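Undergrad: Chains as they are written, first to last, in the numbering used here: chain A, 133 to 296; chain B, 118 to 544; chain C, 16 to 495.
All C-beta atoms, glycine included, are put in the ideal place defined by N, C-alpha and C.
Predicted model, so just to flag it, every value in this text is computed and none were measured.
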Amino acid sequence: MTVQEDYQPVFTGKVLEELQTVLQRYPNKQAALLPALWLAQREHGWISDRIMAEVAEVLGLTPAYVKGVVTFYTMYHQHPVGKNFVQVCTTSPCNICGAEEVLKALLEHSGAGDAGATSPDGKWTIVEVECLGACGFATPILINDDFIESVTPDKVAELVRKYR
Amino acid sequence: MGYPHKPHAKETVVLSQYFGDADARTIKGWIKRGGYEALAQALKMDPVAVTDIVKESGLRGRGGAGFPTGLKWSFMPKEKKRPHYLCVNADESEPGTFKDREIMRWTPHALLEGTAIAAHAIRAEVAYIYIRGEFTEPWTIMERALAEANAADVFGNIKIHLHRGAGAYICGEETALMNSIEGKRGNPRIKPPFPAAAGLFGLPTTINNVETLAAVPHIIKRGAAWYKGLCLSNPKSTGTKLFSVCGHVQRPGNYEVTMGFPLKDLLYDMCGGPPAGRTLKACIPGGSSVPILTREETEATLLDYEGVVAQGSMLGSGGVIVFDDSADMVYQIMRLARFYAHESCAQCTQCREGTAWTTRIMERILAGQGKTKDLDLLLDLSENMTGKTICVLSDSCAAPIVSGIKKFRVEFEAYLAGKRPVPVMVG
Amino acid sequence: MADGLINLTIDGAPVSVPPGTLVIEAAKQAGVLVPHYCYHPGLPVAGVCRMCLVEIEKAPKLQIACATTVTEGMVVKTQAPAAKDARQSVLEFLLINHPLDCPICDQAGECELQDFVFQEGQPGTRYGEFAKRFNPVEDFGPDVLYVPNRCILCTRCVRFMEDVAQEPVLNVSERGDRAFIGIHPEARLDHPWAGNVVDLCPVGSLLSKDFLHKARAWELDKTASICTGCSQGCNITLDTRDEVVVRVRPRPNLDINRYFICDHGRMHYRWMNRGDRIEAPLVKKDGGLHATDWDEAFARVLAILRGASGKAVALVSPGASSEALAAAKRLLSGFSWTGAFQVVMGEEAPLAGIPNLALRAERAPNAKGAELLGYTRDYAQALATAKSAAVVLVLDEPDCAVETDGALIYVGSVLGEDAACRRADVILPIANVAEEEGTFVNRDGREQRYFQAKPAPGMAQPAAWVLAQLAQTMGLAAVP
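1. So, using beta-carbon positions, are G280 (chain C) and L374 (chain C) closer together than 8 Å?
2. For L453 (chain B), go through chain A and note every residue whose CB falls closer than 7 Å to its CB, in chain order.
3. Could you confirm whether any beta carbon from chain A is found closer than 8 Å to the beta carbon of V85 (chain C)?
4. Which whole-angstrom value is the C-beta distance of Y153 (chain B) and V271 (chain B), which I expect to be below 8 Å?
5. How is the alpha helix (DSSP H) around W147 (chain B) delimited, first residue to last?
6. Could you please give the first and the last residue of the uninterrupted beta strand (DSSP E) stretch that includes R345 (chain C)?
7. Give the interface partners of V260 (chain C) over in chain A, defined as CB-CB distance under 9 Å, in chain order.
8. Check whether the Cβ of T145 (chain A) lies closer than 8 Å to any Cβ atom in chain C.
9. Would you call the stretch 161-180 of chain A in contact with the stretch 140-150 of chain A, where contact means no fewer than 3 C-beta pairs closer than 8 Å?
10. Helix, strand or coil: which one does DSSP assign to L499 (chain C)?
11. Taking all protein chains shown into account, do 16 or more other C-beta atoms lie within 10 angstroms of the C-beta of R285 (chain C), making it buried, or fewer, making it exposed?
12. Taking the alpha-carbon of E144 (chain C) as reference, which of B:P185, B:K505, B:I478, B:D493 has the nearest alpha-carbon?
13. Going along the chain, which residues of its own chain have a beta-carbon closer than 7 Å to the beta-carbon of R296 (chain A), five neighbours each way excluded?
14. From the beta carbon of S499 (chain B), is the nearest beta carbon of chain A less than 8 Å away?
15. Checking contacts by CB at 8 Å: is D138 (chain A) closer than that to chain C?
16. Alpha carbon to alpha carbon, how far is Q122 (chain C) from E412 (chain C)? Give it in angstroms, no decimals.
17. Please list, in chain order, the residues of the stretch 56-75 of chain C that have any C-beta partner in chain B closer than 9 Å.
18. At a cut of 8 Å, does the stretch 438-447 of chain B reach the stretch 32-48 of chain C through at least three beta carbon pairs?
19. Determine, using beta carbons only, whether Q158 (chain B) comes closer than 8 Å to chain C.
20. Run through DSSP, which three-state label would E144 (chain C) get?
21. Going by Cα to Cα distance, which pick from B:G231, B:K216, B:E299, B:Y286 is closest to A163 (chain A)?
22. Against chain B, does T206 (chain A) count as a neighbour if the rule is that its beta carbon must be under 8 Å from one of theirs?
23. Could you give the DSSP three-state label for A444 (chain B): helix, strand or coil?
24. For chain B, is any of its Cβ atoms less than 8 Å away from the one on Y142 (chain C)?
25. Opposite I273 (chain A) in the DSSP bridges: which residues?
26. I198 (chain C) versus chain A: which residues are under 7 Å apart at the beta carbon?
27. Taking the C-alpha atoms as reference points, what is the distance between A239 (chain C) and Y465 (chain C)?
28. Which of the residues in the stretch 196-227 of chain C, read from start to end, lie with their CB under 7 Å from any CB of chain A?
29. Given that N186 (chain C) touches chain A, what residues does it touch there, using C-beta distances under 7 Å?
30. How about A405 (chain C) and A422 (chain C): are their beta carbons less than 8 Å apart?
31. Let me know if H237 (chain B) comes out buried or exposed under the rule of 16 or more other beta-carbons within 10 Å of its beta-carbon.
32. For W178 (chain A), which three-state DSSP category applies?
33. According to DSSP, is K299 (chain C) helix, strand or coil?
34. Which partner residues of F326 (chain B) appear in the DSSP bridge assignment?
35. With 8 Å set as the bound, which would you pick, yes or no: does the beta-carbon of A185 (chain A) sit closer than that to a beta-carbon of chain C?
36. Give, in chain order, every residue of the stretch 352-372 of chain B whose Cβ lies closer than 8 Å to some Cβ of chain A.
This is the structure:
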């Protein structure tokens with residue numbers, strides 16, 4: 133799949149300064165890779181091959197090395213995602229409490245249709261994830277950086293309205 | 118308090134005392150509640166003396182393995198020739214477990230204080246707290262607390278940094294976590310060398326779980342004898358433990374009880390038992406990686422390291438997943454297998470291929486396409502996935518399969534016979 | 016038992032090895048090959064394939080032989096039922112997604128997956144009707160193709176590029192059973208030593224484009240040789256099929272090239288198969304060159320040498336064997352002798368992770384040997400001297416711009432249309448490196464033998480034989 137990408141270097145100005153601060157926490161540059169990728173994703177929305185090459189350049193790594201790391205961690209987007217990126221936990225503890233119904237409701241109300249797909253209006257990408265670590269608050273979901281506990285299908289319509 | 122519910126009389130509230138108390142999150146509020154006294158006290162002590170107190174208290178790792186904490190600290194080189202590191206495992210990702218999240222959300226300074234004490238005890242000048250990427254709220258709270266604590270200059274020479282994970286269960290494995298901090302794929306490392314010899318950045322490192330460290334200030338302040346006295350059953354299991362209860366109970370949440378507390382009381386008295394009209398069918402007592410218990414076993418279990426083993430499972434992380442009679446065990450076990458297949462780091466052959474194959478067989482059974490020999494095949498694969506890999510992720514995938522087939526075979530057989538399973542009515 | 020060694024037992028055989036030795040290496044001493052995939056003595060230990068699980072007495076569970084160091088009194092059982100079962104299960108796991116395309120796989124016949132399945136695997140599969148994982152073939156670089164379906168994720172290639180080449184252009188991408196060996200779209204596997212990943216790959220997942228579908232492994236004859244690509248002296252194997260060199264592979268030599276060769280050396284073999292060879296001795300007659308037999312050719316050379324005196328010049332190839340170079344010197348020992356060679360130079364390309372291993376700038380295998388025998392690098396001076404010399408001997412320098420008023424003898428394997436040596440009085444056809452046995456001296460002064468991989472064409476003979484025959488007939492003593 134080729135993705136249209138409007139690439140601008142990420143690590144300039146303020147973001148570069150932020151990275152410099154991060155680098156001070158570690159004894160070598162490579163250790164700043166995960167934080168650097170977080171910064172890049174915040175700025176660019178996703179981690180493209182170009183971004184990986186830029187991160188590699190900044191940290192003295194190779195693009196292939198960075199790609200190996202990016203593809204290991206599920207929270208780095210390897211493709212563009214909707215304005216609201218929603219992660220729904222459907223692992224066993226939430227599953228027995230109705231997580232799959234929550235997922236279904238989210239897919240319907242958002243118009244995203246399928247898990248992993250982005251809604252036609254570009255606003256929603258909803259993915260099924262494994263354990264979000266809040267099993268006592270089934271079903272937890274993450275909308276971008278907002279961690280929302282105890283979501284039930286009947287709360288979904290309101291949530292979708294709020295974030296749309 | 119059985120957060121998010123009101124405290125229950127049978128709880129022993131130590132770590133969870135301020136859960137729900139927003140003022141305790143601030144450094145002012147924390148100091149007002151006696152916070153950072155233990156750290157000040159510890160910083161004046163010789164590191165060996167601090168380690169000895171923790172050793173004497175009987176505190177054992179709360180992340181899952183239950184290794185004696187003081188002993189672990191004492192493995193660090195006696196003569197410090199190179200920098201030492203402390204890693205704090207806040208990558209809480211074990212399905213069923215959500216206690217560390219609560220500690221960080223409500224008592225971030227408890228963790229920071231415990232971290233600084235541990236760093237002092239192992240003579241580390243730098244500690245990294247590795248927080249899983251999905252924990253956005255705990256991250257923000259920890260970040261704020263750390264900034265406050267740094268401003269108040271409470272850590273002496275110790276530097277504490279937060280490091281954010283990015284979505285990988287396996288980074289909760291200690292050496293995978295170190296690789297992840299080093300900017301690598303979160304692959305577990307072969308041991309030896311052990312972290313105390315060559316850990317983070319190849320230097321002597323100790324890694325502790327959030328809950329373990331949160332208990333440390335209490336031990337320093339109130340003494341080893343007090344902590345050791347918190348014991349209802351086996352003297353090898355001391356102190357309090359947070360149990361995360363989820364699934365089919367009326368009041369899921371975090372409950373803090375003294376080691377040796379009966380699981381039955383936790384589930385029925387504190388959590389209100391299964392929803393009305395339902396009966397308890399099964400329970401996974403220590404996070405998804407441990408064998409499943411039947412109702413009988415569950416009700417006979419005492420919650421300490423030895424007590425759970427006596428019933429054929431493990432205390433693990435203390436994540437208690439409860440299934441009532443409406444639960445489709447075959448489907449839920451498939452979900453667990455799928456979880457491990459998703460999270461396998463891909464290094465070891467048995468894990469990479471075995472978790473995925475196991476999941477496929479489970480899905481086939483659920484689709485009504487199972488074969489009679491599938492159960493034997495699953496058991497055989499599980500055997501081949503146990504005790505043969507670098508870390509225990511593939512063992513963890515096998516545990517619910519083996520215990521599930523053994524204890525809920527009738528549900529599997531119903532699927533194999535082309536029928537939806539007959540709910541197993543227990544009691 | 017020698018002091019300082021660790022004594023242990025492997026499958027009942029006692030062995031003594033230095034402390035720190037890995038069980039898998041100790042086992043080799045006991046004549047036991049513990050099946051393995053990710054382990055390679057030239058790479059850092061990964062311990063991931065779990066194929067080398069063995070039983071060790073007193074250990075609570077099976078241990079991997081590749082990451083366990085020997086201890087005194089250790090008792091290792093590679094054939095214990097538990098160990099055999101474990102390995103059989105690893106094979107089963109590896110095969111569930113491995114295609115059964117051995118008939119079209121270049122690795123077939125030298126595939127470690129085939130070998131160990133043959134040795135320890137089970138017949139049939141329990142994977143049943145599930146579809147195998149499929150990913151398309153990828154072009155990794157100038158000579159390397161990646162066939163992900165055959166990959167067993169041993170990570171040897173990744174570790175080679177990361178730790179040995181120190182240019183991590185390969186990675187493990189994704190997780191779990193979705194994992195594969197990845198490359199970044201902006202990078203290529205074009206490191207000067209990249210071809211080693213093909214040799215390191217235990218299965219047919221990384222393939223050489225140069226060797227693609229060229230031959231079946233079992234049709235190849237293997238001959239120990241020395242690379243002629245530069246002065247490093249890497250030990251190689253020449254693989255021939257039907258008397259044609261089809262592949263060059265590294266032959267382990269821990270002191271010189273470890274387990275590796277560079278791509279320049281790897282590709283430096285086509286010339287060995289040249290068809291436009293000098294196949295018969297040629298003598299100048301009536302202004303032209305005429306084919307003849309060795310007797311007449313020898314007689315002509317002897318007549319030239321016996322009838323001349325004064326200066327003689329030998330212009331030699333630094334790719335000639337030390338034996339040939341010595342014989343050439345011996346043949347001209349009755350003259351006031353000058354010997355010289357010139358070396359083609361190129362760019363140096365080190366293998367970063369291995370000390371003293373590089374594709375050397377000096378692109379010839381025996382310059383050092385020539386030097387030791389008294390040949391000079393002052394080629395220009397030698398050419399000038401040749402002009403007025405009584406006899407000039409050119410040894411396998413087809414492009415030699417020689418001019419002489421004296422007699423010219425060319426001993427070589429090929430000769431271009433416009434070559435100066437066409438003016439020679441006698442041309443003696445010789446074998447090339449693949450067609451003879453000989454010795455090269457590498458840049459560090461190490462003498463190394465190479466062996467004959469294929470017959471020489473026509474009447475060609477090894478230069479050393481040709482020149483020594485002549486010297487002997489002349490009654491000249493061997494050079495000391």
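TA: On the basis of the data shown:
1. Looking up residue 280 (chain C) in the third sequence gives position 265. Looking up residue 374 (chain C) in the third sequence gives position 359. Yes, these two residues count as a Cβ contact at 8 Å.
2. Looking up residue 453 (chain B) in the second sequence gives position 336. Neighbours of L453 (chain B) on chain A, chain order: S224.
3. Translated into the one-based positions of the third sequence, residue 85 (chain C) becomes position 70. For V85 (chain C), the answer is no, since every Cβ of chain A falls outside 8 Å of its Cβ.
4. Walking along the second sequence from the start, residue 153 (chain B) turns up at place 36. Walking along the second sequence from the start, residue 271 (chain B) turns up at place 154. About 5 Å separates the two Cβ atoms, so the contact holds.
5. To locate residue 147 (chain B), count along the second sequence from 1; it is residue 30. Element bounds for W147 (chain B): 144-149.
6. Your numbering for residue 345 (chain C) matches position 330 in the third sequence. No beta strand (DSSP E) contains R345 (chain C), which is instead part of the alpha helix (DSSP H) from 337-346.
7. Translated into the one-based positions of the third sequence, residue 260 (chain C) becomes position 245. The contacting residues do not exist; V260 (chain C) stays about 33 Å from chain A at best.
8. Residue numbering aside, residue 145 (chain A) sits at position 13 when the first sequence is read from its first letter. Note on identity: in this sequence residue 145 (chain A) is Gly, with Thr being the wrong assignment. The beta-carbon of G145 (chain A) is placed no less than 8 Å from the nearest beta-carbon of chain C.
9. The stretch 161-180 of chain A, when compared against the stretch 140-150 of chain A, does touch it at the 8 Å Cβ threshold.
10. Limits of chain C in this structure are 16 at one end and 495 at the other, which puts residue 499 (chain C) out of reach.
11. Along the third sequence, read from residue 1 onward, the residue named residue 285 (chain C) stands at position 270. Around the beta carbon of R285 (chain C), fewer than 16 other beta carbons lie within 10 angstroms, which makes this residue exposed.
12. Translated into positions along the third sequence, residue 144 (chain C) becomes position 129. It is B:I478.
13. What you label residue 296 (chain A) is simply residue 164 of the first sequence in a count that begins at 1. Answer for R296 (chain A): K255, listed in chain order.
14. Stepping through the second sequence from its first residue, residue 499 (chain B) is reached at position 382. Judged by the 8 Å Cβ criterion, S499 (chain B) is not in contact with chain A.
15. Working through the first sequence from its first residue, we reach residue 138 (chain A) at position 6. It does not: the Cβ of D138 (chain A) has no partner Cβ on chain C nearer than 8 Å.
16. For the purposes of this step, residue 412 (chain C) is taken as the residue at position 397 of the third sequence. For the purposes of this step, residue 122 (chain C) is taken as the residue at position 107 of the third sequence. The C-alpha of E412 (chain C) lies about 38 Å from the C-alpha of Q122 (chain C).
17. Along the stretch 56-75 of chain C, the positions whose C-beta sits under 9 Å from a C-beta of chain B are V60, A61, G62, V63, C64, R65, M66, L68, P75, read in chain order.
18. Contact fails: fewer than three Cβ-Cβ distances are below 8 Å.
19. The residue you call residue 158 (chain B) lines up with position 41 of the second sequence. The Cβ of Q158 (chain B) sits no closer than 8 Å to any Cβ of chain C.
20. Against the third sequence, residue 144 (chain C) aligns to sequence position 129. Residue state, collapsed to three classes: coil.
21. To locate residue 163 (chain A), count along the first sequence from 1; it is residue 31. Checked all of B:G231, B:K216, B:E299, B:Y286; the closest Cα to A163 (chain A) is B:E299.
22. Counting from one through the first sequence, the residue named residue 206 (chain A) turns up at place 74. It does: the Cβ of T206 (chain A) has a partner Cβ on chain B nearer than 8 Å.
23. Counting from 1 along the second sequence, the entry for residue 444 (chain B) is found at position 327. Coil, per DSSP.
24. Position 127 of the third sequence, counted from the start, is the residue given in the question as residue 142 (chain C). Y142 (chain C) counts as touching chain B.
25. Numbered from 1 along the first sequence, position 141 holds the residue referred to as residue 273 (chain A). In the DSSP output, where bridge partners are listed per residue, I273 (chain A) has A:V220, A:I280.
26. As a working note, residue 198 (chain C) is residue 183 in the third sequence. For I198 (chain C), the neighbours in chain A by C-beta distance under 7 Å run, in chain order, A196.
27. Residue numbering aside, residue 239 (chain C) sits at position 224 when the third sequence is read from its first letter. Residue numbering aside, residue 465 (chain C) sits at position 450 when the third sequence is read from its first letter. Their backbone Cα atoms lie some 6 Å apart in a straight line.
28. Listed in sequence order: G197, I198, H199, P200, E201, A202.
29. Indexing the third sequence from 1 puts residue 186 (chain C) at position 171. Going along chain A in sequence order, the residues near N186 (chain C) (Cβ under 7 Å) are A196, Y197, K199, G200.
30. Here residue 405 (chain C) corresponds to residue number 390 of the third sequence, with the count starting at 1. Here residue 422 (chain C) corresponds to residue number 407 of the third sequence, with the count starting at 1. Their beta carbons are under 8 Å apart, which means A405 (chain C) touches A422 (chain C) by this criterion.
31. What you label residue 237 (chain B) is simply residue 120 of the second sequence in a count that begins at 1. By the 10 Å Cβ count, H237 (chain B) comes out buried.
32. Taking the first sequence and counting its residues from 1, the one referred to as residue 178 (chain A) is at position 46. Three-state result, W178 (chain A): coil.
33. Taking the third sequence and counting its residues from 1, one reaches residue 299 (chain C) at position 284. DSSP places K299 (chain C) in strand when its eight states are reduced to three.
34. Counting from 1 along the second sequence, the entry for residue 326 (chain B) is found at position 209. First, the amino acid is wrong: residue 326 (chain B) is Asn here, not Phe. Partner residues in the beta bridge of N326 (chain B), as assigned by DSSP, are B:N206.
35. Looking up residue 185 (chain A) in the first sequence gives position 53. It does: the Cβ of A185 (chain A) has a partner Cβ on chain C nearer than 8 Å.
36. Interface annotation for the stretch 352-372 of chain B against chain A: S361, V362, C363, G364, H365, P369, G370, N371, criterion Cβ-Cβ distance under 8 Å.
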